[in-house]
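Colleague: In my numbering, the protein residues as written are 2 to 286.
1) Following the continuous alpha helix (DSSP H) through residue 34, name the residue where it begins and the one where it ends.
2) Can you tell me where the beta strand (DSSP E) holding residue 90 begins and where it ends?
3) Count the other CB atoms within 10 Å of the CB of residue 76; is the residue buried (16 or more) or exposed (fewer)?
4) Look up residue 98 in the DSSP assignment and give the residues it is bridged to.
5) By alpha-carbon positions, which one of 189, 94, 109 ends up nearest to residue 206?
6) Please state whether DSSP places residue 18 in a helix, a strand or coil.
7) Can you give me the start and stop residues for the alpha helix (DSSP H) that residue 193 sits inside?
8) Go ahead and label residue 34 buried or exposed: buried means 16 or more other beta carbons lie within 10 angstroms of its beta carbon, across all protein chains shown.
9) Hey, how far is the Cα of residue 193 from the Cα of residue 134?
10) Measuring CA to CA, which of 7, 30, 25 is closest to residue 220?
11) Cβ of residue 217 within 8 Å of Cβ of residue 231?
12) Less than 7 Å separating the Cβ of residue 177 from some heavy atom of the ligand GDP?
13) Do residue 263 and residue 67 have their beta-carbon atoms positioned less than 8 Å apart in this structure?
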């Protein structure tokens, strides 16, 4: 159970600014799992407080990836404790539990796949060797989160086969999926005191590009299942946006591409009330 090593493939790519553009799609994929969707619908305040939830998620992920071994282990234990009581019966009568291994692994799988897809869409992509090394390190992250070896496919080829099977046979369009799509279409103000007339122009732009990336990067068969349309015009718009991001990121030195994630990890491990012994925000040795 090793946290990502400093300078490793996960260190370089997981918190890349381009990977954050895939975050809405990852949330959509996660809640499309029936267990995750039911848990979010019954136990999450996502609709009421989307921004605080996003911030908590960023703090958690950055702590595990960039916070060092002690902080990553402590955060994983906190998450397991947090989800232990999230169980019940969904609207169709199916029982669910947030720590269901299949669902827990699926959430991890989306986090594995997202940065790889981001590099392919917004960058030059990872080489086969980089992808295999990245996946080996992300398997270690899965172990930190409490997954067992038999839950984790042994290599990238096995992982992609598992991922495709989940998309084909397990994901569904449920109420949580519809709620996420609605929130992306009409993003809430980040804080209540922000005047509506100031927020609305930014909200329209944010909604346009969030939906463009989220819907465009979905597997076509999943778009159909969710009832989402996708035209050639939208595809061209996505390619233009991706090219713009790619060109812009060529001006940013690689170490600076993860600065935001490092800053979040630093805050997560140094904010008041954190254990000084866990303050290793520059990753595992």
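No residue lacks a Cβ here, since even glycine has one placed at the ideal position from N, Cα and C.
Computed from a prediction, not measured in an experiment: that's the story for all the values here.
Modeller: A quick look at the data gives this:
1) As a working mapping, residue 34 is identified with position 33 in the chain shown. Note, residue 34: premise wrong, no alpha helix (DSSP H); not H, not E.
2) For the purposes of this step, residue 90 is taken as residue 89 along the chain shown, with counting starting at 1. Element bounds for residue 90: 88-90.
3) Taking the first residue of the chain shown as position 1, residue 76 is located at position 75. In this structure residue 76 is buried. Its beta-carbon is surrounded by 16 or more other beta-carbon atoms within 10 angstroms.
4) Position 97 of the chain shown, counting from 1, holds the residue named residue 98. Its beta-bridge partners are 88.
5) The residue you call residue 206 lines up with position 205 of the chain shown. Taking only the C-alpha atoms, the option nearest residue 206 is 189.
6) Working through the chain shown from its first residue, we reach residue 18 at position 17. Residue state, collapsed to three classes: helix.
7) Counted from its first residue, the chain shown places residue 193 at position 192. Element bounds for residue 193: n/a, residue is neither H nor E.
8) For the purposes of this step, residue 34 is taken as the residue at position 33 of the chain shown. Answer is buried; the Cβ neighbour count reaches 16.
9) For the purposes of this step, residue 193 is taken as residue 192 along the chain shown, with counting starting at 1. For the purposes of this step, residue 134 is taken as residue 133 along the chain shown, with counting starting at 1. Those two C-alpha atoms are separated by around 44 Å.
10) Within the chain shown, the letter at position 219 stands for residue 220. The candidate whose alpha carbon is nearest that of residue 220 is 30.
11) For the purposes of this step, residue 217 is taken as the residue at position 216 of the chain shown. For the purposes of this step, residue 231 is taken as the residue at position 230 of the chain shown. Yes, Cβ-Cβ distance for residue 217 and residue 231 is below 8 Å.
12) Ligands in the displayed structure: none, and consequently the ligand GDP is not present.
13) Working through the chain shown from its first residue, we reach residue 67 at position 66. Working through the chain shown from its first residue, we reach residue 263 at position 262. Yes, they are a contact pair.
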